[in-house]
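Chemist: Here the sequence shown stands for residues 894 to 1376, numbered as in my numbering.
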Amino acid sequence: MIESPLLEKLTGYIGGRWTDNEHGNTFDVYNPATGKVIAQVASMSEDEVNAAIASGKSALRLTSPYSIETRRKWLEDIRDALKANKEEVGRILCMEHGKPLQEAQGEVDYAAGFFDYCSKHIQALDAHTIPEKPKDCTWTVHYRPIGVAGLITPWNFPIGMIAKKLSAALAAGCPSVIKPASETPLTMIALFSLMDKHTDMPDGMVNLVMGKASVIGKALCESPDVPMLSFTGSTEVGRKLIVDTAEQVKKLALELGGNAPFIVFDDADLDAAADNLIANKFRGGGQTCVCANRIFVHEKVADAFGEKLAERVNKMTVGDGINGDVDIGPLINQAGYDKVKRHVQDALEKGATLVAGKKPEELGNDLFFPPTVVHGVNRDMCCYQEETFGPLVPMALFRTEEEVIEAGNDTEFGLASYVFTNDAERAQRVAAGLRFGHCGWNTGTGPTPEAPFGGMKASGIGREGGLEGLFEFVEAQTVPRGF
Ligand code: ADP
């Protein structure tokens, strides 16, 4: 069992205190590197979720809103607490998610960056009077908190994903009811433990509910006191939330699945492209929605690029992330592992060749999947159509710019994309043609707190990060004054 000063309680947090878990229901949390149960966490009832919503409602202040200074202080205190406890929060994250320790601790820094960004730009949410005087009135625009927000997060960035949502919600003055993924609730408990000890937010401003997604999702969707949900996860669940909130016309911020194209032209710096692909693809073991999922390489450089990839991939180490010196940890669970295996098998059966990694029949019986590169992928293969969410690099060939833009867009998703070329005009054309919210040019980097990030098409609605993200949880209200 995991021991930590940040995990003294393994229950929910409602109205400024840890819950008692009167029902006694719990669920198990596993370390994917060892397969062992490391904690048993309270699984909460519908009544408790409703109590969390009521407590959020009691913390909402409309007629005498929390001042910008007060909200800035909350954000700064959370940022400072995360930075001061980066090592321990990262250790907990590593143990329940499996990603290498340094990467896990880096995620804590990344999370702190969102609170920092919002604290530094919160002034943008202050009311302003517009310079024109239309209709003989003085028009003031206020940014009102939308109300109690339901924040639902996935397991792949246990602290990063909540930081994006919570920083903007608090900046807006919105109380929240937060539901982490059941694979990784401990990092969230650690965050609540820090907020409990190191901030003086009013009771009910942040509430933690854990347990069955169906119970919690239903309560959040049905409550008239929750006007907004911010969700990161699968497109399947995103669609369900759209349907389940349609009746009440709730505001939704959705960051859903991806199927990122990574395009390498023949004039690209192939070493830089290979380095960037490795850093991008194997982050979190390939379990991120911005990981390159389809690698399109110009036919003239495909063999050379494949060799560079194989060289790098063959040096990578896979193992328990807590040891600190591995590149890739285990996959999150058996279902995730089986999906990657199925994608490799399917690609090989349909004619792709293995450039690096193991054949499916050579794989072991744990969750450690070796980094794998396959060449000769086409649109009939599962790894082209679906998000693999694992350490598989599937390479396909292309000839022309037009063809590769069309191929890149040949997916319902539109989250992240990447293009490697030294021709600036071509890069501009390709970025504009790719219907993706993020398009890295000569970089495989993902999002940052300072810039908006989000999906086009079935990858979602809304943006997180940047000024756009800061405005997600407010409603603009205009007050024209007649005399
Ligand atoms: P993933 O495949 O990354 O686990 P999911 O969409 O299944 O993505 O889960 C993302 C988050 O959404 C998790 O916290 C999960 O528990 C939650 N979730 C799953 N189903 C629902 C639902 N019906 N309503 C609300 N939240 C849900």
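Each residue gets a CB set at the ideal place from its N, CA and C atoms; glycine is no exception.
Assuming isoleucine 1039 contacts phenylalanine 1366 (C-beta within less than 8 Å), just tell me the rounded distance between them.
Modeler: 5 Å
Chemist: Considering only C-alpha positions, which residue in the set Asp1162, Met1274, Leu1059 is nearest to glutamate 969?
Modeler: Leu1059
Chemist: Which of the three DSSP states, helix, strand or coil, is assigned to isoleucine 907?
Modeler: Isoleucine 907 sits in a strand when the DSSP states are folded into three classes.
Chemist: For ligand 1, is there a heavy atom less than 7 Å away from the beta-carbon of valine 922?
Modeler: No, since every heavy atom of ligand 1 falls outside the 7 Å radius drawn around the Cβ of valine 922.
Chemist: Quick check on the burial criterion: 16 or more other C-beta atoms within 10 angstroms. Buried or exposed for serine 936?
Modeler: buried
Chemist: Would you mind reading off the limits of the alpha helix (DSSP H) that contains lysine 1379?
Modeler: This structure cannot settle anything about residue 1379, because the visible part of the chain is limited to 894 through 1376.
Chemist: Mind checking whether methionine 1094 and tryptophan 967 have CB atoms under 8 Å apart?
Modeler: yes
Chemist: Between asparagine 1216 and proline 993, what straight-line distance do the alpha-carbon atoms span, to the nearest angstrom?
Modeler: 8 Å
Chemist: I'd like the list of long-range same chain contacts for aspartate 1164, defined as Cβ closer than 8 Å, with 5 residues on each side in sequence excluded.
Modeler: Lys1201
Chemist: Which residues neighbour ligand 1 when neighbourhood means a C-beta less than 5 Å away from any of its non-hydrogen atoms? List them by chain order.
Modeler: Ile1045, Pro1047, Ala1074, Ala1106, Gly1110, Gly1126, Ser1127, Val1130
Chemist: Pull up the CB-CB distance for proline 1078 and valine 930, whole angstroms please, since I reckon it's below 8 Å.
Modeler: About 13 Å separates the two Cβ atoms, so there is no contact after all.
Chemist: Pair every Cβ in the segment 1130-1148 with every Cβ in the segment 1257-1266, then say whether three or more of these pairs are closer than 8 Å.
Modeler: no
Chemist: Suppose only complete runs of 3+ residues qualify. What are the beta strand (DSSP E) ranges in the segment 957-1006, listed by chain order?
Modeler: none
Chemist: At which residues does the alpha helix (DSSP H) containing valine 1270 begin and terminate?
Modeler: No alpha helix (DSSP H) contains valine 1270, which DSSP labels as neither H nor E.
Chemist: Could you pull out every residue in the same chain whose Cβ sits closer than 7 Å to the Cβ of cysteine 1269, ignoring the five residues on either side in sequence?
Modeler: In the sequence as presented, cysteine is not what sits at residue 1269; that position holds glycine. Within the same chain, glycine 1269 has close Cβ partners Gly1244, Ala1245, Thr1246.
Chemist: Tell me the residue span of the beta strand (DSSP E) that contains serine 1123.
Modeler: 1121-1125
Chemist: Would DSSP call arginine 954 helix, strand or coil?
Modeler: Arginine 954 falls in the coil class under three-state DSSP.
Chemist: When you compare only the Cα positions, how much space is there between arginine 1272 and asparagine 943?
Modeler: 46 Å
Chemist: Just checking my contact of phenylalanine 1282 with glycine 1229 at CB under 8 Å: how many whole Å lie between their CB atoms?
Modeler: 6 Å
Chemist: Check whether the segment 957-966 and the segment 1005-1021 touch, using three or more Cβ-Cβ pairs below 8 Å as the test.
Modeler: yes
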